[in-house]
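Per the working numbering, residue -2 is the first one in the sequence shown, and the count goes up by one each step. Yeah, the Cβ is synthetic: ideal placement off N, Cα and C, and Gly gets one too.
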Amino acid sequence: MANTEKFWFITLLHDFPHINFSFEKTNATFDPSSSSYRESIVFLSALPVIFILLIIILSACCLCALCVKKQPQKAVKTTCLRIFAAIFIIFTIGSAAVGFFANQHTNSGVNSFVNSVNDANQSLEDTYSTLNILNQTAVRIQSKGVNGILNVIRSRIQNTTAVNLLENLMEKIEQDSDSTRKILKEIKDKVPRTDLTNVSTRTKEIEFYRWCGTIVLLCFVLFLMILAIVGCYKKSRCFLLMATCIGYLVLLLVWIASGVYLGTAVAGGDLCDSPDGFIESLGSNSAQKTVIKAYLDCEVGKGLPSNFSANVKDANKAVYEANTTLNHVINKTLPFNIQNELKQPVLYIRGELDYALGNITTLSELLDCKSFHNDYTDVKTSVCETTLIGIVLLLLVVPFMGLCMVFIQCLLPRIWHLSAKRRGYRPVDDTDPFSPRPPPYNGYGSMHAGRTSNADYYGEPRHSINDSHSVDVLTHELPRNESPPPAVSMSYFPLSSQFVSLFQHSYRSWQLGDPPYERPPF
-2 MANTEKFWFI TLLHDFPHIN FSFEKTNATF DPSSSSYRES IVFLSALPVI FILLIIILSA
58 CCLCALCVKK QPQKAVKTTC LRIFAAIFII FTIGSAAVGF FANQHTNSGV NSFVNSVNDA
118 NQSLEDTYST LNILNQTAVR IQSKGVNGIL NVIRSRIQNT TAVNLLENLM EKIEQDSDST
178 RKILKEIKDK VPRTDLTNVS TRTKEIEFYR WCGTIVLLCF VLFLMILAIV GCYKKSRCFL
238 LMATCIGYLV LLLVWIASGV YLGTAVAGGD LCDSPDGFIE SLGSNSAQKT VIKAYLDCEV
298 GKGLPSNFSA NVKDANKAVY EANTTLNHVI NKTLPFNIQN ELKQPVLYIR GELDYALGNI
358 TTLSELLDCK SFHNDYTDVK TSVCETTLIG IVLLLLVVPF MGLCMVFIQC LLPRIWHLSA
418 KRRGYRPVDD TDPFSPRPPP YNGYGSMHAG RTSNADYYGE PRHSINDSHS VDVLTHELPR
478 NESPPPAVSM SYFPLSSQFV SLFQHSYRSW QLGDPPYERP PF
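This is the structure in structure tokens:
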């Protein structure tokens, strides 16, 4: 078999340190039956989980510290923090999108692997079935065909010499039949007895749970990012706290998935670094291992591997000799005029020999290099290219997504803490004409400070009325738009609203020199 190109990441994954639970370096050759190798894979898978547990503990302590910390009296700008959170949220959403693609790519590779394994298993089953059919055919030729002809010969031919000659010929047919059965047994012993149905069934079941689990995890991540986006945009403490609490659980699940994909990727790299050796180890004895190696190294179009070519030729030769011997028997019985009695057993043997010859041809096609070699090539391509590429892509995406979520989990509690409202603040409507007004700015805090403006409340020239405190209070300037209205007590305005309106109208008329006061309608 032509050597296929090995991807660079296969070597990188294979070179990962393999350390068992005793902190001893173990062999990196893919060997699931070795407990030390299994421990090394589990050890690698546990590293991301240990890392995120430490991060979660530290983050939880920081969150508790923020909860007991005194909230700021004044609102603090969180624009910078929210921008950084938005950047990491965008990275996380992009990683989730790539994760969906990688998950589907991995699923396609696994499905292709299962189909190839099923094809190989079907070829093995067909081979076993054909061998059993040939063995049963040889038994029927001996029990029914040969014995039927011998009974006719012994009952109808009185010549002892002729009977002995014909018995020797029929014994030759029995020997050819026994030889065929031995050849079939040799072939059967060489064919690997591996039930691949269990492999494909378990693989499909595990892949179903892996595919569904990854989809659900990515959907949880997207839901968490939506909560974080809404919380940061609206500065909602409820959404921020909800995203923070749910984020710890999702973060733990993300890093558990990272550990699983790390262990799977390393095991896949070990397998794809030397797949032929693992496939050869599936043989139960040296003969089967030799046959497996022959199929792995054979060239398509070159016919049967050398391990089976001689056996198939011997089986064909035995059937041919049995046919030739049967023709001799028929020719030897012509002088005795027993063709009618021999017709039925002879036709039976002819039919069985033709049937055996057809099954030998089928067996030759099943044992051809093209069948098993192509199945193995498809399996190798599915595992070491399609599936492993998807696993490696997930191994890159999921930890990156986890790191982005770690930063988000650090930013959200801080934004939540700084988004607290100022204590004692009450919103004031500046456009309300009956809202309490602050004193002038040039004399802020004094109700009788001098004024520098030359415009009154209505934008007209002001006349000094310092001798009237009540008028001064009622006609002070409106506050500027950029100044926050202080909480002025209504004790500054003891008069009713109707009296204030009447007084202002009279004072304006006096300034403009209007006729004497007329009571304005209320």
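Gly265 and Ile49: beta carbons closer than 8 angstroms? no
Can you tell me the Cα-Cα spacing of Thr383 and Gly106, whole angstroms? 5 angstroms
For Thr358, count neighbouring Cβ atoms within 10 angstroms of its own Cβ and tell me buried if that reaches 16, exposed if not. exposed
For the alpha helix (DSSP H) that His102 lies in, which residues bound it at each end? Thr76 to Arg137
Between the C-alpha atoms of Asn324 and Val380, what's the straight-line distance to the nearest angstrom? 55 angstroms
Please name the residue in Ala262, Gly260, Ile289 and Ile154 whose C-alpha comes closest to that of Asp273. Ile289
For Leu214, collect the residues of the same chain with a Cβ closer than 7 angstroms to its Cβ; drop the 5 residues on either side in sequence, then sort them by chain order. Leu250, Val251 and Ala254
Count the other CB atoms within 10 Å of the CB of Pro520; is the residue buried (16 or more) or exposed (fewer)? As displayed, the chain neither begins before -2 nor continues past 519, which places residue 520 out of reach and without an answer.
Runs of alpha helix (DSSP H) wholly within the stretch 299 to 340 (minimum 4 residues, chain order): 303 to 330
State the Cα-Cα distance for the pair Leu364 and Ser140, rounded to the nearest angstrom. 29 angstroms
Which residue marks the beginning of the alpha helix (DSSP H) containing Ala262, and which one marks its end? Arg234 to Asp270
Within its chain, find whatever has a CB closer than 8 angstroms to the CB of Phe397; leave out the 5 residues flanking it on each side and keep chain order. Phe88 and Ser92
Which of the three DSSP states, helix, strand or coil, is assigned to Lys377? helix
Closer than 6 angstroms by C-beta to Ala57: which residues in its own chain qualify, once you throw out the five before and the five after it? Chain order, please. none
Less than 8 angstroms between the beta carbons of Asp175 and His11, yes or no? no
Give me the residue from Leu121, Thr330 and Ile86 with the minimum Cα distance to Cys407. Ile86
In the structure shown, what three-state DSSP assignment does Ile184 receive? helix
Confirm, please, whether the CB-CB distance from Leu248 to Ile276 is below 8 angstroms. no
Cα-Cα separation between His445 and Cys235, rounded to whole angstroms: Confidence is the limiting factor: at His445 the pLDDT is only 49, short of 50, which leaves the residue's position unreliable and the question unanswerable from this model.
Run of the alpha helix (DSSP H) containing Ala291, from where it starts to where it stops: Ser283 to Asp294
Can you name the start and end residues of the alpha helix (DSSP H) that Val394 belongs to? Leu385 to Leu415
Over what stretch of residues does the alpha helix (DSSP H) that includes Glu202 continue unbroken? Thr194 to Lys231
Length of the line joining the Cα atoms of Ile180 and Ala312: 7 angstroms
Assign Pro45 to buried or exposed, taking buried as 16 or more other Cβ atoms, counted over all protein chains shown, within 10 Å of its Cβ. buried
Does the pairing of the stretch 236 to 247 with the stretch 145 to 159 give three or more beta-carbon distances under 8 angstroms? no
Is it right to say Ala307 is buried, meaning 16 or more other beta carbons lie within 10 angstroms of its own, or is it exposed? exposed
How big is the Cα-Cα spacing for Glu122 and Leu128? 10 angstroms
Excluding five sequence neighbours on each side, which residues of the same chain lie with their C-beta closer than 7 angstroms to the C-beta of Thr194? Asn118
Closest to Glu183 by C-alpha separation, out of Ser19, Ala284 and Ala135, would be which residue? Ala284
For Val39, is the classification buried or exposed, using 16 other Cβ atoms within 10 angstroms of its Cβ as the cut-off for buried? exposed
How about Leu131 and Asn356: do their beta carbons lie closer than 8 angstroms? yes
Using 10 angstroms around the beta-carbon of Glu349, count the other beta-carbons present and answer buried if the total reaches 16, otherwise exposed. buried
Can you find at least 3 beta carbon pairs, one from the stretch 195 to 210 and one from the stretch 328 to 346, that sit closer than 8 angstroms? no
Roughly how many angstroms lie between the CA atoms of Tyr258 and Val395, to the nearest whole one? 9 angstroms
Taking the C-alpha atoms as reference points, what is the distance between Asp375 and Ser197? 14 angstroms
Ends of the alpha helix (DSSP H) at Gly145? Asn144 to Arg153
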